[in-house]
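Residue numbers (our numbering): 172 to 530. For each residue, glycine too, the CB sits at the ideal point set by N, CA and C.
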């Protein structure tokens, strides 16, 4: 999922007429969690098309209050909500977010659909494809990105919002064990019963208990800014230190993102420049055994990461500095302490997006 971009294609996709029957209907969703609104769209897709491809966005991310469930858990919710015959026509594919490159995200979608159709209908090289969604909400953005596809418009079923469901679950402390609890009554109104059964099992996992604690921290963090006359905007720096096919990372020892992997960095102080801030944070977080002058002289480029929802804490603009150290047979020594995060070098090929904090 990406946000609307002024550089995104603006041509409207052709709207399908009532008699149009595509080979495949494509639905982009997050399903955090799955509810009757999603189910209604999928049922419409099954009525219109021979096959349905569900692209589960925000896949392969760490668990967060916004994305608490993995793509496999969300796929299980969907499968449990349809019978065997319908499931035979439904294909579910994880879709990673590409927040700063709409063309790459669009290409990923086209490739995913093409691969699915080549597998299930290899004798149809040019299938009729339609994108299904609600044209008056955020998904209308998607409908404009694929002008060569038809579109199927759906009503916004009862105005159900997954954000409200997550809020109800977190406000209940993640406890779904009591049948008479208000949170269960809320879920029964908007969620298939098999999904509730799965949610109960999922929320009993230690990983989800950690997400509940993370949400509690975030809510308390935001309450500290409640009296501010304006919503706060935070400015941070991140050091992308690379050498010999490795990148320097830390393991966070505080919330948010407790236990997750991150780039060295943090908030910019009011009396320092961005460069001063990133060098200070890098040395504090990692105690890297490289002279400060060498670190400064190794800065090759900077970039800004300003997706409005990239941080659960609020509007956070990150300034990343690429620090390219000279390749060598040994990597500079780094270490942490009881007060600071654990620092370590990781080969590029071992990077795991499911463990990266606010990447």
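Under the three-state reduction of DSSP, residue 322 is assigned to strand. Membership of residue 354 in any beta strand (DSSP E) is not indicated; the residue belongs instead to the alpha helix (DSSP H) covering 353–361. In this structure, residue 230 lies near residue 265, with their beta-carbon atoms less than 8 Å apart.
Remark: C-beta atoms of residue 303 and residue 214 do not approach each other more closely than 8 Å.
For residue 434, the closest C-alpha among the options 456, 344 and 462 is that of 456. About 24 Å separates the CB atoms of residue 397 and residue 345; that is not less than 8 Å, and the two are not in contact. If the five residues before and after residue 502 are omitted, its C-beta is found closer than 8 Å to the C-beta atoms of 414, 415, 417 and 516, all from its own chain and listed in chain order. With fewer than 16 other beta carbons inside 10 angstroms of its own, residue 402 counts as exposed.
Shortest Cα-Cα distance from residue 359 to any of 331, 483 and 462 involves 331. Residues of the same chain with a CB within less than 7 Å of the CB of residue 440, apart from the 5 flanking positions on each side, are 448 in chain order.
Counting along the chain, the unbroken beta strand (DSSP E) around residue 473 starts and ends at 470–476. Using a Cβ-Cβ distance cut-off of 8 Å, the segment 193–206 and the segment 322–341 are in contact, since at least three pairs of beta carbons, one from each stretch, lie closer than that value. Of the residues assessed, residue 290 falls on the exposed side of the cut-off, its CB having fewer than 16 other CB atoms within 10 angstroms. Around the CB of residue 482, 16 or more other CB atoms lie within 10 Å, so the residue is classed as buried. With fewer than 16 other beta carbons inside 10 angstroms of its own, residue 404 counts as exposed. Of 407, 442 and 444, the smallest CA-CA separation from residue 491 is found for 407. Judged by DSSP in its simplified three-state form, residue 480 adopts coil rather than helix or strand. Taking 8 Å as the upper bound for CB-CB distance, residue 478 and residue 270 are in contact here, some 5 Å apart. Residue 476 and residue 530 have their alpha carbons spaced roughly 9 Å apart. Exclusion of the five residues before and after residue 244 leaves 373 as the residues of its chain whose Cβ lies within less than 7 Å of its Cβ. For residue 368, the enclosing alpha helix (DSSP H) starts and ends at 364–374. Around the beta carbon of residue 368, fewer than 16 other beta carbons sit within 10 angstroms, so the residue counts as exposed. If you keep only unbroken beta strand (DSSP E) runs of at least 3 residues inside the segment 409–448, you get 417–422 and 436–438. Taking residue 450 as the centre and dropping the five residues before and after it, the same chain places the C-beta of 463, 466 and 467 closer than 7 Å to its C-beta, in chain order.
Contact between residue 226 and residue 283 is confirmed by a C-beta separation of about 6 Å, below the 8 Å threshold.
Pairing residue 318 with residue 312, the inter-Cα distance amounts to about 12 Å. Counting only residues of its own chain and dropping the five nearest sequence neighbours on each side, residue 259 has no CB closer than 8 Å to any other CB. The segment 216–278 contains, as complete alpha helix (DSSP H) runs of 4+ residues, the segments 242–251 and 255–260 (chain order). In the displayed model, residue 513 falls within a strand according to three-state DSSP. Beta-bridge pairing by DSSP links residue 304 to 324.
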